[in-house]
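According to UniProt numbering, the sequence shown holds residues 1 to 292 in order.
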Amino acid sequence: MDFLRPLTWEDALAAKAARPGALPVQGGTDVMVEINFDARRPEALLDLTRIRALTAWDTADGRLRVGAGVPYARLITELGGRLPGLAQASRTVGSPQIRNRGTVGGNLGAASPAGDGHPPLLAGDAVIEAESAERGVRMIPVAEFFTGVKRNALAPDELIRAFWAPPASGPQYFSKIGTRNAMVIAVCSFAVALHPGERRVGTGLGSAAPTPRRATEAEAFISAELDWDGRGPLAEAAARRFGELVRDAASPIDDVRGTGGYRSHALAVLARRTLTWAWNDHRKTTVGKAAS
Numbered sequence: 001m002d003f004l005r006p007l008t009w010e011d012a013l014a015a016k017a018a019r020p021g022a023l024p025v026q027g028g029t030d031v032m033v034e035i036n037f038d039a040r041r042p043e044a045l046l047d048l049t050r051i052r053a054l055t056a057w058d059t060a061d062g063r064l065r066v067g068a069g070v071p072y073a074r075l076i077t078e079l080g081g082r083l084p085g086l087a088q089a090s091r092t093v094g095s096p097q098i099r100n101r102g103t104v105g106g107n108l109g110a111a112s113p114a115g116d117g118h119p120p121l122l123a124g125d126a127v128i129e130a131e132s133a134e135r136g137v138r139m140i141p142v143a144e145f146f147t148g149v150k151r152n153a154l155a156p157d158e159l160i161r162a163f164w165a166p167p168a169s170g171p172q173y174f175s176k177i178g179t180r181n182a183m184v185i186a187v188c189s190f191a192v193a194l195h196p197g198e199r200r201v202g203t204g205l206g207s208a209a210p211t212p213r214r215a216t217e218a219e220a221f222i223s224a225e226l227d228w229d230g231r232g233p234l235a236e237a238a239a240r241r242f243g244e245l246v247r248d249a250a251s252p253i254d255d256v257r258g259t260g261g262y263r264s265h266a267l268a269v270l271a272r273r274t275l276t277w278a279w280n281d282h283r284k285t286t287v288g289k290a291a292s
């Protein structure tokens, strides 16, 4: 197995074009585990950790552009106020050592159904910036990025350069269930994001289907039910129905971490709870603005 270590983004694209079978590595927190257990043996590893362009983030056109090499620890400390749902998910990833090395870009490349960063990206309408040496940049909405279990929409010669996401315009929450409190793969996870200016709710489900996905029927239902002027509490019946629609959007399996039935039930509970938390935050903000 060859080890390729480009120093520039252009060199990385050239290497990927020449060796489409080379497996990109950012933090290596997933890849190295699979190699150590002989679950994967790529023809080459393409180490992207020395490419400084991937470790920066900035703003453009009112959106955040976050390089594929920005680790979870920096997302929490530097972008927690602007991407709170993603920051909450990042805090649940592994140990401090893993959060210092692991990246959302690497998480996207692995495309695991249980990836913690995926549900908040779905709820927040993120877009993935991919690039190849031959065709240049391509923007892929995150809802179209996941194509199967550990499969994504990247072409063989493409690499993930960044993801784009608008700063939170309303409350965002992420919650997951695991077999213990730390260092655990999610049994299931859920993210919700309120977009008050659009009078819309975004959702993201994790570890509940072959790919991370949105609960579009739940989004449409609750977006129409909520009092976006913030004058009233969340109706219990609406929250319950929202949870049911989130549950119905999943297609979970039985495995060593949990049964499909348990995952379905847990998702309905997580959906109700996170929506309640987010809506209560929105009401407090609305009342505070009115009082001032």
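Ideal Cβ placement from N, Cα and C applies to all residues, glycine included. Since the model is a prediction, treat every value here as computed from it, not as a measurement.
CB contact flag (residue i, residue j, <8 Å)
i       : j       : result
Gly-106 : Gly-27  : yes
His-195 : Ser-169 : yes
Ala-209 : Ser-251 : yes
Met-139 : Glu-129 : yes
Leu-46  : Val-33  : no
Asp-82  : Leu-54  : Here residue 82 turns out to be Arg, not Asp, going by the sequence shown. Cβ distance not < 8 Å, so Arg-82 and Leu-54 don't count as in contact.
Ala-191 : Gly-85  : yes
Arg-283 : Gly-230 : yes
Ala-249 : Ala-224 : no
Leu-205 : Pro-119 : yes
Pro-71  : Thr-103 : yes
Arg-101 : Thr-29  : yes
Ile-98  : Gly-69  : no
Phe-163 : Leu-122 : no
Ile-177 : Ala-266 : yes
Residue i in three-state terms, based on DSSP
i       : result
Met-32  : helix
Arg-228 : Reading off the sequence shown, one finds Trp at residue 228, where the question assumed Arg. Trp-228: coil per DSSP, three-state reduction.
Thr-147 : strand
Ala-168 : coil
Ser-292 : Residue placement at Ser-292 is poorly supported in this model, since its pLDDT is 47, which falls under 50; the coordinates still yield a value, given next. It is coil, neither helix nor strand.
Gly-260 : helix
Ala-22  : strand
Asp-38  : coil
Asp-255 : strand
Ala-85  : In the sequence as displayed, the identity of residue 85 is Gly instead of Ala. Helix.
Chain-order list of residues whose beta-carbon lies under 6 Å from that of residue i (same chain, five-residue window excluded)
i           : result
Pro-6       : Ala-12 and Ala-15
Ile-222     : Val-201 and Phe-242
Glu-43      : Gly-21
residue 329 : Nothing can be reported for residue 329: it is not among the residues displayed for the chain, which extend from 1 to 292.
Gln-88      : Phe-174
Leu-23      : Pro-42 and Leu-45
Identity of the residues DSSP links to residue i by a beta bridge
i       : result
Met-1   : In DSSP, Met-1 forms no bridge with anything.
Pro-139 : It should be pointed out that residue 139 corresponds to Met in this sequence rather than to Pro. Glu-129, per the DSSP bridge assignment.
Phe-174 : Ala-191
Thr-59  : Leu-64
Val-104 : Val-104 pairs with nothing; no bridge assigned.
Thr-203 : Val-192
Ala-44  : Asp-2 and Ala-22
Arg-213 : Leu-205
Leu-159 : Glu-131
Pro-71  : Thr-103
Asn-152 : Phe-146
Given residue i as reference, the closest of the options once Cα atoms are compared
i       : options                               : result
Pro-141 : Phe-37, Asp-125, Phe-221 and Lys-150  : Asp-125
Pro-167 : Asn-152, Ala-193 and Glu-158          : Ala-193
Ala-215 : Ala-191, Glu-198, Gly-197 and Val-246 : Val-246
Arg-40  : Met-1, Gly-230 and Tyr-72             : Met-1
Ser-112 : Phe-3, Thr-211, Gly-232 and Glu-236   : Thr-211
Tyr-173 : Gln-97, Ala-220, Glu-144 and Thr-92   : Thr-92
Met-183 : Pro-96, Ile-76, Phe-145 and Gly-232   : Pro-96
Ala-114 : Lys-150, Ala-165 and Ala-60           : Lys-150
Leu-75  : Trp-57, Leu-159 and Trp-228           : Trp-57
Arg-135 : Phe-145, Gly-117 and Leu-154          : Leu-154
Leu-159 : Gly-197, Val-137 and Pro-171          : Val-137
Thr-203 : Thr-77, Gly-62, Leu-270 and Leu-23    : Leu-270
Spatial neighbours of residue i in its chain, beta-carbon cut-off 8 Å, leaving aside the 5 residues before and after
i       : result
Leu-234 : Leu-226, Leu-275, Thr-276, Trp-279 and Asn-280
Chain-order list of residues whose beta-carbon lies under 7 Å from that of residue i (same chain, five-residue window excluded)
i       : result
Arg-257 : Thr-179, Ile-185 and Val-187
Asp-254 : Gly-260
Ser-292 : At Ser-292, the pLDDT of 47 sits below 50, so the modelled position is not reliable; the number obtained from the coordinates is stated separately. If we look at Ser-292 and ignore the five residues flanking it on each side, it has no Cβ neighbours.
Ala-268 : Gly-243, Glu-244, Val-246 and Arg-247
Ala-239 : Arg-272, Leu-275 and Thr-276
Thr-8   : Ile-51
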